[in-house]
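Residue numbers for the sequence shown follow the working numbering, beginning at 14 and rising by one.
Let me begin by presenting the structure, written as structure tokens, before commenting on it.
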Amino acid sequence: MPNCLFCDIAQKKEQSSIVYEDELCIAFMDIFPLGTGHVLVIPKKHGVLLNELEQNLQAHIFSIGNKIVSAQRKAGFGVKGTNFLLNDGKAANQTVPHIHLHLIPREKGDFLKAIPKIALHVTGVFGRRTSRETLNAQAKLIREHLLT
Ligand code: AMP
Ligand code: ZN
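Below is the structure:
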């Protein structure tokens, strides 16, 4: 798939902070997080909409997402709750046309803080990037808790 940012991340042509990887999917830190410790899970195979994937691959993405959420919580991200979010199509605010499941750690009462960030995400203007050092440190912490 030419010119797909997430295919490039899956193929390691583009830098990312990897949390998990197997033969079917890869998970990495969102560079413009909606909550501290925000992770994206993507299939390695390109597809825009969820129903382009075989059923077992769809289920795999969610199953891995679930495991990562447990690890995020052990690492202190989203202890009180998490948004599992999948924007399926442009009209649903999908800005990167490669299937991805968001795992967005939330904190009690963070909605007001989150509103401006959500508004920017919807327009595709994401604001300031989180530094690679911070993303790498968060990814390491989550990876360590995936093993426990
Ligand atoms: P969506 O709006 O559902 O398509 O989500 C796309 C997500 O990709 C957004 O949350 C962005 O912050 C995120 N994103 C964009 N570029 C990168 C990148 N280079 N590395 C990690 N996440 C990214
Ligand atoms: Zn792609």
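We treat Cβ as the ideally placed atom computed from N, Cα and C, and that holds for glycine.
Computed from a prediction, not measured in an experiment: that's the story for all the values here.
Determine the closest residue to residue i out of the options, with distance taken between C-alpha atoms.
i, options, result
"Ile74", "Glu36, Leu62, Ile55, Phe90", "Ile55"
"Leu53", "Val82, Glu36, Glu67, Gly60", "Val82"
"Val92", "His111, Pro118, His113", "Pro118"
"Tyr33", "Leu18, Cys17, Ile77", "Ile77"
"Ile38", "Leu159, Asp21, Lys57", "According to the sequence displayed, residue 38 carries Cys and not Ile. Of the candidates Leu159, Asp21, Lys57, the one whose C-alpha sits nearest the C-alpha of Cys38 is Lys57."
"Leu66", "Ile131, Lys103, Ile112", "Ile112"
"His59", "Ile155, Phe19, Arg156, Ile128", "Phe19"
"Lys103", "Asn79, Lys87, Leu63, Phe97", "Leu63"
"Glu36", "Gln28, Ala23, Leu125, Ile155", "Ala23"
"Thr161", "Asp101, Ala105, Phe124, Ala88", "Ala88"
"Thr205", "His134, Thr147, Ile31, Asp21", "Absent from the structure is residue 205, since the part of the chain shown begins at 14 and ends at 161."
"Glu30", "Ala72, Pro129, Ala150", "It should be pointed out that residue 30 corresponds to Ser in this sequence rather than to Glu. Nearest C-alpha to Ser30: Ala150."
"Ala127", "Lys26, Asp43, Thr49", "Thr49"
"Thr136", "Glu120, Asn106, Pro110", "Asn106"
"Glu171", "His51, Asp43, Gln28, Asp21", "Because the chain is modelled from 14 through 161, residue 171 falls outside the range shown and cannot be assessed."
So, under 8 Å CB-CB, residue i and residue j are touching, yes? Tell me the CB distance rounded to an integer number of Å.
i, j, result
"Phe9", "Arg142", "Nothing about residue 9 can be read from this structure; the chain reaches only from 14 to 161."
"Leu116", "Thr95", "6 Å"
"Ile131", "Leu47", "6 Å"
"Ala84", "Leu159", "4 Å"
"Val61", "Pro110", "5 Å"
In the DSSP assignment, the beta strand (DSSP E) including residue i goes from what residue to what residue?
i, result
"Gly94", "94-98"
"His115", "114-119"
Pick helix, strand or coil for residue i, following the three-state DSSP scheme.
i, result
"Ala88", "coil"
"Cys38", "strand"
"Val52", "strand"
"Ile77", "helix"
"Ile31", "strand"
"Leu63", "helix"
"Ile22", "helix"
"Gln68", "helix"
"Val109", "coil"
Along the chain, where does the alpha helix (DSSP H) containing residue i start, and where does it finish?
i, result
"Val135", "124-136"
"Asp101", "Counting along the chain, Asp101 falls outside any alpha helix (DSSP H), and DSSP gives it neither H nor E."
"Asn149", "145-159"
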